[in-house]
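Participant:
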Ligand SMILES: *[C@@H]1O[C@H](CO)[C@@H](O)[C@H](O)[C@H]1NC(C)=O
Ligand SMILES: *[C@@H]1O[C@H](CO)[C@@H](O)[C@H](O)[C@H]1NC(C)=O
Ligand SMILES: *[C@@H]1O[C@H](CO)[C@@H](O)[C@H](O)[C@H]1NC(C)=O
Ligand SMILES: *[C@@H]1O[C@H](CO)[C@@H](O)[C@H](O)[C@H]1NC(C)=O
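In the working numbering, the protein residues as written are -11 to 401.
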């Protein structure tokens, strides 16, 4: 058992270290306070009592002295960095903490309410997070795995979700692109990584309003690659599940919440966000998740009563489904790798018989084109029979075009 003690008359080491001892006293105070706040605000089951350590605060600390006491305890004197302390206190008391606020009611700057209307039997809609300026990436998706005319007998759609760009020129270009394709939904929020949750909610809202008859919705990103044929298999294999989420699934608590500035860079979670948790609730990797129709509308409904949290994957695929009952999660973790290079190699390797990875990210535009053509080349007869007639021809043209322009494109790895 370790007993912490703040100042002591014996500590004649100058005012700085006395200051540090006082600071440490404040840390302990803050810690007690944190616990109190957690008891009040953490509504779920009480967490297991955890051994408390200074590392809980993520403060840089140095043990200055360890003194055995008569009662068998140890008195430990610790110096902590004042910056860390201020950070904890700043987080605790900062006025800009936006937890407990419900998400903004997003309205559309532009969207096409007819996008799904002319496809009464819609198998799936892909909704992709995109940025206003990413027109080339959107084109690539339109011409490859997100092609709405990919399949002969099954209808599909793709829609790109964007926020507001910083400049008018981008907005003008986006408007032109929208009038050409009609597959963009723009929300009235700034396009910023801190607003991705709004984008995710907008997708659920838009689909439940204008594309509610689609059997499945697939969330992805404009720089991701999805083996859509494999996903058709996932849909078939799980057709009995009414509330399906199929994805690279992170189990409850398996992803640590990063709160210490040196660990988390721009993804730092404040002490007041997800209070009482060391790990995220069960959620999906953002690269792609497949939702059945019921899930889309029920997750949107849940967003109306789920306080905003800016990490979109955790919010949309974690906190929202947690409020829906009867959710059936299907983990596709063996079909994903963090190494885009390894996935790319698997696709373009002539010896690959069956593609292992369903979702790929971290590859260049050109690599995605090459993966797509490799995928089409190796489709088996069942899958080939699903394709519209001109898909293979068009993809071959796309490949040629990329090869010709390759000097303009990002280098392959
Ligand atoms: C969002 O705003 C629209 C239009 O302003 C309104 O009709 C709708 O009821 C609002 N939705 C919610 C959930 O507040
Ligand atoms: C952008 O457009 C808005 C209104 O459409 C206008 O007020 C503003 O001056 C424009 N900004 C630039 C930099 O052109
Ligand atoms: C998110 O969007 C809202 C609405 O446009 C805006 O007020 C806010 O500043 C945005 N957040 C960031 C971090 O850009
Ligand atoms: C094609 O592949 C799919 C999925 O791997 C499989 O279900 C189907 O039976 C295969 N068809 C043929 C003709 O091999």
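Just so you know, even glycine gets a beta-carbon here, dropped at the ideal spot from N, CA and C.
For residue 118, which of 207, 135, 156 has the nearest alpha-carbon?
Facilitator: 207
Participant: So what's residue 271 in DSSP terms, helix, strand or just coil?
Facilitator: strand
Participant: Measuring straight from C-alpha to C-alpha, what distance separates residue 221 and residue 264?
Facilitator: Going by the C-alpha atoms only, they are around 39 Å apart.
Participant: With respect to the alpha helix (DSSP H) encompassing residue 208, which residues constitute its N-terminal and C-terminal limits?
Facilitator: From DSSP, residue 208 is part of no alpha helix (DSSP H) but of the beta strand (DSSP E) over 204 to 209.
Participant: With a threshold of 7 Å on Cβ separation, who are the neighbours of residue 403 within its own chain once the five nearest residues in sequence on each side are excluded?
Facilitator: Because the chain in this structure spans residues -11 to 401, residue 403 falls outside the shown range and cannot be described.
Participant: With 16 as the cutoff for other CB atoms within 10 Å, does residue 185 come out buried or exposed?
Facilitator: buried
Participant: So, for residue 335: in the same chain, excluding its five sequence neighbours on each side, which residues have a beta-carbon less than 7 Å away from its beta-carbon?
Facilitator: 343, 359, 362, 363
Participant: Would you grab the beta carbon distance between residue 139 and residue 374 for me? Rounded to a whole angstrom, and I think it's under 8 Å.
Facilitator: 5 Å
Participant: Can you list, in chain order, the residues of its chain whose CB lies under 6 Å from that of residue 303, leaving out five sequence neighbours each side?
Facilitator: 185, 297
Participant: Pull up the distance between the alpha-carbon of residue 92 and that of residue 50, whole angstroms please.
Facilitator: About 44 Å.
Participant: Assign residue 108 to one of three DSSP states: helix, strand, or coil.
Facilitator: coil
Participant: From residue 294 to residue 309, what does the alpha carbon distance come to, in whole angstroms?
Facilitator: 11 Å
Participant: So what's residue 176 in DSSP terms, helix, strand or just coil?
Facilitator: strand
Participant: Reducing DSSP to helix, strand and coil, say where residue 235 ends up.
Facilitator: strand
Participant: Whose CB is closer than 7 Å to a heavy atom of ligand 1? List the residues in chain order.
Facilitator: Listed along the chain, these residues meet the criterion: 93, 95, 292.
Participant: Under 7 Å between the Cβ atoms of residue 351 and residue 332?
Facilitator: yes
Participant: Around the Cβ of residue 240, are there at least 16 other Cβ atoms within 10 angstroms (buried) or fewer (exposed)?
Facilitator: exposed
Participant: Which residue or residues does DSSP assign as beta-bridge partners of residue 98?
Facilitator: 174
Participant: From the DSSP secondary-structure annotation, give me the bridge partner or partners of residue 278.
Facilitator: Answer by DSSP bridge pairing, in chain order: 206, 234.
Participant: Please classify residue 154: is it buried, with 16 or more other beta-carbons within 10 angstroms of its beta-carbon, or exposed?
Facilitator: exposed
Participant: Let me know if residue 99 comes out buried or exposed under the rule of 16 or more other beta-carbons within 10 Å of its beta-carbon.
Facilitator: buried
Participant: Between residue 158 and residue 356, which are expected to be in contact by the criterion C-beta below 8 Å, what is the C-beta distance as a whole number of angstroms?
Facilitator: With 8 Å as the limit, residue 158 and residue 356 do not qualify as a contact, their Cβ atoms being about 23 Å apart.
Participant: For residue 109, which residues from the same chain have a beta carbon less than 7 Å from its beta carbon, with the 5 sequence-adjacent residues on both sides left out?
Facilitator: 143
Participant: Does DSSP put residue 392 in a helix, in a strand, or in coil?
Facilitator: DSSP places residue 392 within a helical segment (H, G or I) once states are collapsed to three.
Participant: Tell me where the beta strand (DSSP E) around residue 406 begins and ends.
Facilitator: Outside the modelled stretch of the chain, which goes from -11 to 401, sits residue 406, for which no answer is possible.
Participant: Is the CB-CB distance between residue 104 and residue 145 below 7 Å?
Facilitator: Remark: C-beta atoms of residue 104 and residue 145 approach each other more closely than 7 Å.
Participant: I'd like to confirm something about residue 322: is its beta-carbon nearer than 6 Å to some heavy atom of ligand 4, or not?
Facilitator: no
Participant: At a cut-off of 6 Å, would you count residue 270 as near ligand 4, judging by its Cβ distance to the nearest heavy atom?
Facilitator: no
Participant: Could you say if the region 195 to 212 and the region 280 to 292 meet the contact criterion of at least three C-beta pairs nearer than 8 Å?
Facilitator: Yes, since at least three Cβ pairs between the region 195 to 212 and the region 280 to 292 fall closer than 8 Å, the two stretches touch.
Participant: Do residue 114 and residue 231 have their C-beta atoms within less than 7 Å of each other?
Facilitator: The answer is no: Cβ separation not under 7 Å.
Participant: Give the straight-line distance between the Cα atoms of residue 52 and residue 63, rounded to the nearest whole angstrom.
Facilitator: Cα to Cα, residue 52 sits roughly 11 Å from residue 63.
Participant: Taking the C-alpha atoms as reference points, what is the distance between residue 83 and residue 102?
Facilitator: With a pLDDT of only 48 at residue 83, under 50, the local geometry of the prediction cannot be trusted, and no value is derived from it.
Participant: Mind checking residue 178: buried by the 16 CB within 10 Å criterion, or exposed?
Facilitator: exposed
Participant: Taking 6 Å as the cut-off, is the beta-carbon of residue 226 closer than that to any non-hydrogen atom of ligand 4?
Facilitator: no
Participant: Once DSSP output is grouped into helix, strand and coil, what is the label at residue 248?
Facilitator: coil
Participant: Let's see if you can read the secondary structure: which residues bound the beta strand (DSSP E) around residue 69?
Facilitator: Premise fails: residue 69 is in no beta strand (DSSP E) and is neither H nor E.
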